[in-house]
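**Student:** In UniProt numbering, the protein residues as written are 1 to 385. C-beta: ideal position from N, C-alpha, C; glycine also.
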Amino acid sequence: MKKIFISLLISIKLFAISSVEELSWENGKTLLDFLQDHSIPLNLYYNLDTEDKELSAEIASGIKYQMLKDEQGQLEQVLIPISDDLQIHIYKNNENKFVLSFTPISYIKEKRTIRVAINNSAYQDVYDESGSVTLARAMVRAFKNSVNFKNVRKGDSVVLIYEQKRRLGRLFGDINIQAALANIRGKEYSVFLYKDSYYNAQGKELENFFLTKPVKYTRISDRFTKARYHPILKRYRAHLGIDYAAPTGTPVKSAGDGTISFVGTKGGYGKVVQVKHMSGYMTLYAHLSRFGKVKRGQKVKQGQVIAYVGSTGMSTGPHLHFGLYLNNKAINPETIVKIPKSSLSGKNKEEFLKMVKEYENRLQSIDENYKNPPKEQNIENSMEL
C-alpha cells in the first residue's frame, strides 16, 4: 500500500497523529450511525442545536472522509466534509473527551490551464492528459449544449481554464471550468461560467436545464448560505438550500423533469424526496409531512406532485427545505430557478463581457507549444504523517 507524507494543520491543537485512513461514506449512513459504530458518545449529536442536526444530514453518500489515529491505533480525530467549504470535526480535547464542531475546510485553490489535442475522444483525451475524471466530466458539462464531440476529428483541440481544490494533498470537490475553447473541424466554440451557469461570448445561456419553484409558499424563511462565521454564536454556520414557509399539507412539486433517487428519512431533514435530473443536477425536498405516489426509480415531470409540506426531522415549524446539487456540490437554487436559456442584461452583462474579454485573450494565447500542468497521480487510501 502506497503511503505519502503530508502535513496537517489544525487550529484547535496539535495532535500526535500516526496515520490517516481515508474512507467513503456509506449510502444511508447517518452521523448518529457513525458515532455508534466507533463508540463515540452519542450526546455529541443529541447536544447539537436544530440547525446543526439538520446540517449533519448533508453528508453525501460516497464522500471521502478521514480518520486520524495515534500510534496505538486509537481514534483521535475525524474530518467529514458536508460541503466544499464546511466539515464536521470530531476530536479529543485536553481532557481526552470527544468534541464535535463545524469548521471550515482547509484547502488550496489552484487555477490551471490545459490544452488537449483530440486523438481518440474529447473525454478520454482530457482524462489521459490530466489524470482527472472530474475535469473530463466538467468539460463535457461545459460544452454539453454547444458542441457535439461525436463529430470531432484528429487534430481538433480543447483549451480549458479551470479552478480546482486540493485538500490533504488530494483533489477535493468539484472542478469549475471558468472558460473553455474548442476547435472542432475548423470552427471555434467558447463557453464561460458566470454565476453557476454557462454562457456563450454574447451572454446567452447555453444550458437547457432549468427549475421552477417547487411549492406555493407564504415567504422565504431562510436563504442559501455557505460556511460563514457567526459573530454572536462564535461558530461557523451554513444553510445549504432555501426554506419556503408554507402550511402543512401544501403540495410539493418536482422542480424539474427527472427520476426519483430517494424516498425516505434522512437524519435531521426528516422525510425526504430526492430527484435526479440531467447534467449532474439533483434536487432535495425535506421536512415533508408525507410522500406523494412516488417510488425510487420512477420518472417524474416538472410540476408533478411528489410530496407535501410538513415539519418532520429537526424543524421548528412547517416549511419546505429545498436543496439543489450539482455533482453532489450544494449550489444556490436561486441562481438556477429561472426561465430557460435566458440572456444576461444590464450590469450583469456588462460585468460578464468584461470577464469574457480577459478570458478570450488567455484562451487564444494557448497553442500547441503550451506545456500542460503535471498529470494527477492516484493516491491510495492510507496516508502517513
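Decide yes or no for the touch test of the stretch 320 to 329 against the stretch 290 to 299: beta carbon pairs closer than 8 Å, at least 3 of them.
**Tutor:** no
**Student:** Which whole-angstrom value describes the C-beta separation of Ile175 and Ala138, a residue pair presumed to lie in contact below a C-beta threshold of 8 Å?
**Tutor:** Contact between Ile175 and Ala138 holds: CB atoms are separated by about 5 Å, below the 8 Å threshold.
**Student:** Between which two residues does the alpha helix (DSSP H) harbouring Gly346 extend?
**Tutor:** Gly346 to Gln364
**Student:** Mind checking Tyr244: buried by the 16 CB within 10 Å criterion, or exposed?
**Tutor:** buried
**Student:** Under DSSP, the alpha helix (DSSP H) around Val158 begins and ends at which residues?
**Tutor:** Taken as a continuous stretch (DSSP letters only), Val158 belongs to no alpha helix (DSSP H), being part of the beta strand (DSSP E) at Ser157 to Arg167.
**Student:** Is Val152 buried or exposed, if buried means 16 or more other CB atoms sit within 10 Å of its CB?
**Tutor:** Counting every other CB atom within 10 Å of its CB across the protein chains shown gives Val152 a total of 16 or more, marking it as buried.
**Student:** Using C-beta distances below 6 Å, list every residue in its chain close to Asp257, excluding the 5 sequence neighbours before and after it, in chain order.
**Tutor:** Lys301 and Gln302.
**Student:** What are the start and end residues of the beta strand (DSSP E) that includes Asn183?
**Tutor:** Arg170 to Ile184
**Student:** Whole angstroms is fine: what's the gap from Ile4's alpha carbon to Glu376's?
**Tutor:** Only weak support exists for where Ile4 lies, its pLDDT of 33 falling under 50; the coordinates are left without a value.
**Student:** Starting from Gly264, follow its DSSP beta bridges and name the residues at the other end.
**Tutor:** Val272
**Student:** Quick check: the Cα distance between Asn27 and Leu353, rounded to an integer number of angstroms?
**Tutor:** 43 Å
**Student:** According to DSSP, is Pro318 part of a helix, a strand, or is it coil?
**Tutor:** coil
**Student:** Three or more beta-carbon pairs under 8 Å between the stretch 152 to 166 and the stretch 97 to 114, yes or no?
**Tutor:** yes
**Student:** Rounded to whole angstroms, how far is the Cβ of Gly62 from the Cβ of Ser19, which I believe are closer than 8 Å?
**Tutor:** 22 Å between Cβ atoms; not a contact.
**Student:** Drop a sphere of 10 angstroms on the beta-carbon of Glu205, count the other beta-carbons inside from all chains shown, and report buried for 16 or more, exposed for fewer.
**Tutor:** buried
**Student:** Would the beta-carbon of Leu320 fall within 7 Å of that of Val215?
**Tutor:** yes
**Student:** In chain order, what residues of the same chain lie with their CB nearer than 6 Å to the CB of Val78, ignoring the 5 residues before and after it?
**Tutor:** Met67 and Ile90
**Student:** Runs of 3 residues minimum, wholly inside the UniProt domain "Csd3 N-terminal" (23 to 105): which ones carry the beta strand (DSSP E) assignment?
**Tutor:** 64 to 69, 75 to 81, 86 to 92 and 98 to 104
**Student:** Glu21 to Pro231, Cα distance in whole Å?
**Tutor:** 34 Å
**Student:** CB Lys271 to CB Asp84, shorter than 7 Å?
**Tutor:** no
**Student:** Can you give me the C-alpha to C-alpha distance between Tyr189 and Ala182, rounded to a whole angstrom?
**Tutor:** 5 Å
**Student:** For Lys2, which three-state DSSP category applies?
**Tutor:** Caution applies to Lys2, whose pLDDT of 34 falls short of 50 and renders its modelled position unreliable; the value that the coordinates give is listed next. Coil at Lys2, not helix or strand.
**Student:** Around the C-beta of Gly264, are 16 or more other C-beta atoms found within 10 angstroms, so that it is buried, or is it exposed?
**Tutor:** Exposed.
**Student:** Is it right to say Arg219 is buried, meaning 16 or more other beta carbons lie within 10 angstroms of its own, or is it exposed?
**Tutor:** exposed
**Student:** Given a cut-off of 7 Å, decide if Val309 and Ala246 are closer than it, judged by their beta-carbon atoms.
**Tutor:** Against a cut-off of 7 Å, the Cβ pair of Val309 and Ala246 comes out as a contact.
**Student:** If contacts are defined as beta-carbon pairs under 8 Å, then Tyr236 and Pro104 qualify, I think. What distance do you get, rounded to the angstrom?
**Tutor:** 6 Å
**Student:** Using the rule of at least 16 other Cβ atoms within 10 Å of the residue's Cβ for burial, across every protein chain shown, is Lys357 buried or exposed?
**Tutor:** exposed
**Student:** With 16 other CB atoms within 10 Å as the buried threshold, where does Leu55 fall?
**Tutor:** buried
**Student:** Compare the C-alpha of Lys347 against each of Ile114, Ile118 and Tyr194 and name the closest.
**Tutor:** Tyr194
**Student:** Which same chain residues end up closer than 7 Å to Ser157 when comparing Cβ atoms and leaving out the 5 residues on each side of it in sequence?
**Tutor:** Arg115, Val116, Ala117, Ile118 and Asn183
**Student:** Nearest chain D C-beta to Gln178 closer than 7 Å, yes or no?
**Tutor:** The structure shown has no chain D; it contains just one protein chain.
**Student:** Quick check: the Cα distance between Gly47 and Lys53, rounded to an integer number of angstroms?
**Tutor:** Note on identity: in this sequence residue 47 is Asn, with Gly being the wrong assignment. One Cα belongs to Asn47, the other to Lys53, and the distance between them is close to 9 Å.
**Student:** Kindly list the residues whose CB is nearer than 7 Å to the CB of Ile40, restricted to its own chain and excluding five residues on each side of it in sequence; keep chain order.
**Tutor:** Cβ neighbours of Ile40 beyond the five flanking positions: Ile90 and Phe98.
**Student:** Check each candidate in Asn93, Gln304 and Lys150 and name the one with the smallest Cα separation from Ile259.
**Tutor:** Inspection of the sequence shows that residue 259 is occupied by Thr rather than by Ile. Of all alpha-carbon atoms in Asn93, Gln304 and Lys150, the one lying nearest the alpha-carbon of Thr259 is that of Gln304.
**Student:** What's the call for Gly297, buried or exposed, on a 16-neighbour Cβ count within 10 Å?
**Tutor:** exposed
**Student:** Between Ser132 and the rest of its own chain, which residues show a CB-CB distance below 6 Å, the 5 nearest in sequence each way excluded?
**Tutor:** Glu376
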